[in-house]
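Protein chains in written order, with full-length UniProt numbering: chain L, 1 to 237; chain V, 1 to 237.
So the structure is just underneath, and the comments pick up after that.
2 protein chains.
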Amino acid sequence: MTDHTVKAYDNELEALGRKIAEMGGIAEQMLSNAMDALATLDTSLARTTVAMDQRLDILQRDVEEQAILTIAKRQPLAADLREIIAAIRISGDLERVGDLAKNIAKRALKLSGETRLPRAVVGLKSMHEAAAMLLKDALDAYALRDVERARMVWTHDVELDALEDSVFRDLLTFMMEDPRNISFCAHLLFCSKNIERIGDHSTNIAETVVYLVTGETLPMDRPKGPSPAADYLPLPK
Amino acid sequence: MTDHTVKAYDNELEALGRKIAEMGGIAEQMLSNAMDALATLDTSLARTTVAMDQRLDILQRDVEEQAILTIAKRQPLAADLREIIAAIRISGDLERVGDLAKNIAKRALKLSGETRLPRAVVGLKSMHEAAAMLLKDALDAYALRDVERARMVWTHDVELDALEDSVFRDLLTFMMEDPRNISFCAHLLFCSKNIERIGDHSTNIAETVVYLVTGETLPMDRPKGPSPAADYLPLPK
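Structure, rendered in structure tokens:
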């Protein structure tokens, strides 16, 4: 390759990274907005959050398109190919995080007409804090190519799963206490599941960072959405 | 390209198609098994269903790996590139269908210790029939490159969404009738959401078939997971 070609190629890889960073920022903002909208039943904020999702969808398609065209044009090997594959995967996970935040915002819209039970939302706040931290650490791990931080995300996701179990039991208890709580809490059950899955996607991102930096995949013993490990893309480091 | 190279290339594309077909068969079987396990609370069948998911994960990674290597090696244009991109997308959707069926099977395991309410499962059976039909039609549309059938899937998914709304209300009613139904029905709420999302993935597959055959994307007015339409991969037909 000429210097000129190499520079164009570098620019393409950098453009992918910038789009992922933009997607990460939007996904974090959507999660934060959706949880605020849910806590305050702010329908205007909920609608804004739903509307933000379209930008994420467009960015994901951009990343996928640009990544595939780069593979076809440059025929990259090893580390560069991992860089591009990582961009495709992470953009997919961030698009899903946006969908899940959008789902929470939509629940906030549905709940605005229901009898409220503020104490039922408390457990969801703890889940939100844990999930926001996982997402931030996963995005930082990607930005810094920090394998240790990525492994921490992978380890800490179980705490969010445990929180979800606890919230599930609490919500069922509120429902049993008073049938008037049933509808409100049923919607919150879905919100809690959505937050838990944002943790799963953060963990997926962390796994992708480990793959990106080391060429290795993490073992399969994580409870959710594991990779079939060693047999995947055995590319030279 | 020499004839030999062209043949090797054709073989690669055919191998992708065969893997997608295998994935489709497994996903359909998992959905059917999971719903049987849920209806009868058959823990052995539920465990078998959970175990089947690993094969789908491996196949998805195979398809992704093979597709990307083919793009890098052959630098395909237009129709062939769409073929490969479609394989990546459809394998992703089928892997998610498997996850969702696995989730239902896991709920069947959790429910085996709960007080049962057989009439609560009835609505889920209707949802299952609708979702199984959408999935079958989407897979047939892919196998036959049948755009009309794909558009039918896209149109009919709203019926499954309406069924889910109805099941949601029914389950809430059962919960309000008797607090002893709450735990059982809370788990069924998640199963019903899982089935509804299998419909969404079937619709994604149908959208991919339309893109594969025509090079066009469907408009954005579907309720869930729309494509940012016209700006995506504007490749010549």
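Every residue, glycine too, gets a C-beta built ideally from N, C-alpha and C.
Bear in mind the structure is a predicted one, so any value in this text is a computation, not a measurement.
Residues of the region 177-205 of chain V with Cβ closer than 8 angstroms to any Cβ of chain L, in chain order:
Legend: CB atoms of the region 177-205 of chain V lying less than 8 angstroms from CB atoms of chain L belong to residues Pro179, Ile182, Ser183, Ala186, Leu189, Phe190 and Lys193.
What number of angstroms, rounded off, separates the C-alpha of Pro76 of chain V from the C-alpha of Ser112 of chain L?
One C-alpha to the other measures close to 51 angstroms.
Three-state class that DSSP yields for Glu216 of chain V in the structure shown
Residue state, collapsed to three classes: coil.
DSSP state of Pro76 of chain V mapped onto helix, strand, coil:
Residue state for Pro76 of chain V is assigned as coil, using DSSP reduced to three classes.
From the beta carbon of Met35 of chain V, is the nearest beta carbon of chain L less than 7 angstroms away?
So, not an interface residue.
Please identify the residue among V:Ala78, V:Asp93, V:Lys106 and V:Thr173 whose C-alpha is closest to the C-alpha of Val213 of chain V.
Taking the Cα of Val213 of chain V as reference, the smallest distance to any Cα among V:Ala78, V:Asp93, V:Lys106 and V:Thr173 is reached at V:Ala78.
Reference Ala87 of chain L; option with closest CA among L:Met175, L:Leu45, L:Leu172 and L:Glu22
When only C-alpha atoms are compared, the closest one is L:Glu22.
On a CA-only basis, which of V:Leu139, V:Glu164 and V:Leu163 is nearest Met152 of chain V? Give me that one, please.
Considering only alpha carbons, the answer is V:Leu139.
I'd like the list of long-range same chain contacts for His24 of chain L, defined as Cβ closer than 7 angstroms, with 5 residues on each side in sequence excluded.
Residue identity differs from the one stated: residue 24 of chain L is Gly in this sequence, not His. Correct list, in chain order: Leu94 and Leu139.
Runs of alpha helix (DSSP H) wholly within the UniProt domain "PhoU" (124-209) of chain L (minimum 4 residues, chain order)
If we require 4 residues or more, the alpha helix (DSSP H) runs fully inside the UniProt domain "PhoU" (124-209) of chain L come out as 147-177.
Roughly how far, in whole angstroms, is the beta-carbon of Met127 of chain L from the beta-carbon of Val167 of chain L, given that I think they are within contact range, below 8 angstroms?
Rounded, the Cβ-Cβ distance is 6 angstroms, consistent with contact.
Can you find a CB in chain L that lies within less than 7 angstroms of the CB of Ile71 of chain V?
It does; some Cβ of chain L falls within 7 angstroms.
Val50 of chain V versus Lys7 of chain L - alpha carbon distance
One C-alpha to the other measures close to 48 angstroms.
How is Arg89 of chain L classed by DSSP in three states: helix, strand or coil?
Looking at Arg89 of chain L - three-state DSSP - the assignment turns out to be helix.
Which chain V residues sit within Cβ distance under 8 angstroms of Leu16 of chain L?
Those within 8 angstroms of Leu16 of chain L in chain V number zero; the least Cβ separation is about 15 angstroms.
Under 7 angstroms between C-beta atoms of Lys19 of chain L and Leu59 of chain L
For Lys19 of chain L and Leu59 of chain L, yes; Cβs fall inside 7 angstroms.
Counting only beta-carbon separations shorter than 7 angstroms, does Leu172 of chain L have a partner in chain V?
It does; some Cβ of chain V falls within 7 angstroms.
Rounded to whole angstroms, what's the CA-CA distance from Met176 of chain L to Ile182 of chain L? Just pull it up for me.
Near 8 angstroms, if we compare the C-alpha coordinates of Ile182 of chain L and Met176 of chain L.
Chain L contact residues for Met133 of chain V, given Cβ-Cβ distances below 9 angstroms:
Within 9 angstroms Cβ-Cβ: nothing; Met133 of chain V doesn't reach chain L, min ~24 angstroms.
Please list, in chain order, the chain L residues whose beta carbon lies closer than 9 angstroms to that of residue 239 of chain V.
Chain V is shown only over 1 to 237; residue 239 of chain V falls outside these bounds and no answer can be derived.
If I measure Cβ to Cβ from Leu16 of chain L and keep anything under 8 angstroms in the same chain, skipping five residues before and after, which residues do I get?
Within its own chain, the residues whose Cβ lies closer than 8 angstroms to the Cβ of Leu16 of chain L, once the five positions on either side in sequence are excluded, are Val63, Gln66, Ala67, Thr70, Glu83, Ile84 and Ala87, listed in chain order.
Expected contact under 8 angstroms - CB spacing of Val121 of chain V and Ile198 of chain V to nearest Å
About 17 angstroms; that fails the 8 angstroms criterion.
Check the Cβ of Glu175 of chain V against every Cβ in chain L and list those closer than 8 angstroms, keeping chain order.
Correcting the residue identity first, residue 175 of chain V is Met in this sequence and not Glu. The answer, in chain order, is Met175, Pro179, Ile182 and Ala186.
How long is the line joining the alpha carbons of Ile104 of chain L and Ala186 of chain L, rounded to whole angstroms?
Roughly 13 angstroms between the two C-alpha positions.
Do you know offhand how far Asp146 of chain V's Cα is from Asp137 of chain V's?
The straight-line gap from Cα to Cα measures roughly 10 angstroms.
Pick from V:Pro118, V:Leu163 and V:Ile90: whose alpha carbon is nearest that of Leu135 of chain V?
Here the closest residue by C-alpha is V:Ile90.
Beta carbon proximity, Gln75 of chain V to chain L, threshold 7 angstroms
Yes, Gln75 of chain V counts as interfacial toward chain L.
Taking Asp53 of chain L as the reference, which of L:Lys73, L:Ser44, L:Thr43 and L:Met30 has the closest Cα?
Of the candidates L:Lys73, L:Ser44, L:Thr43 and L:Met30, the one whose C-alpha sits nearest the C-alpha of Asp53 of chain L is L:Met30.
List the whole-angstrom C-beta distance separating Val209 of chain L from Ala141 of chain L, where the pair is believed to meet the contact cut-off of C-beta under 8 angstroms.
Right, the Cβ-Cβ distance comes to about 5 angstroms (below 8 angstroms), so this counts as a contact.
Which class does Ser112 of chain V belong to by DSSP, given the choice of helix, strand or coil?
Ser112 of chain V falls in the coil class under three-state DSSP.
When you compare each of L:Tyr9, L:Leu171, L:Ala162 and L:Leu56 to Lys73 of chain L by their alpha carbons, which one comes out closest?
When each option's Cα is compared against that of Lys73 of chain L, the closest is L:Tyr9.
Three-way DSSP call (helix, strand, coil) for Leu100 of chain V in this model:
In this structure, Leu100 of chain V counts as helix in the three-state DSSP scheme.
Counting only the same chain and skipping the five closest in sequence on each side, list residues whose C-beta sits under 6 angstroms from that of His201 of chain L.
For His201 of chain L, where only same-chain residues beyond five positions count, the Cβ hits under 6 angstroms are Asp93, Arg96 and Val97.
Using only CA atoms, which one of V:Leu163, V:Leu13, V:Ala27 and V:Thr40 lies nearest to Leu189 of chain V?
Ranking V:Leu163, V:Leu13, V:Ala27 and V:Thr40 by CA distance to the CA of Leu189 of chain V puts V:Leu163 first.
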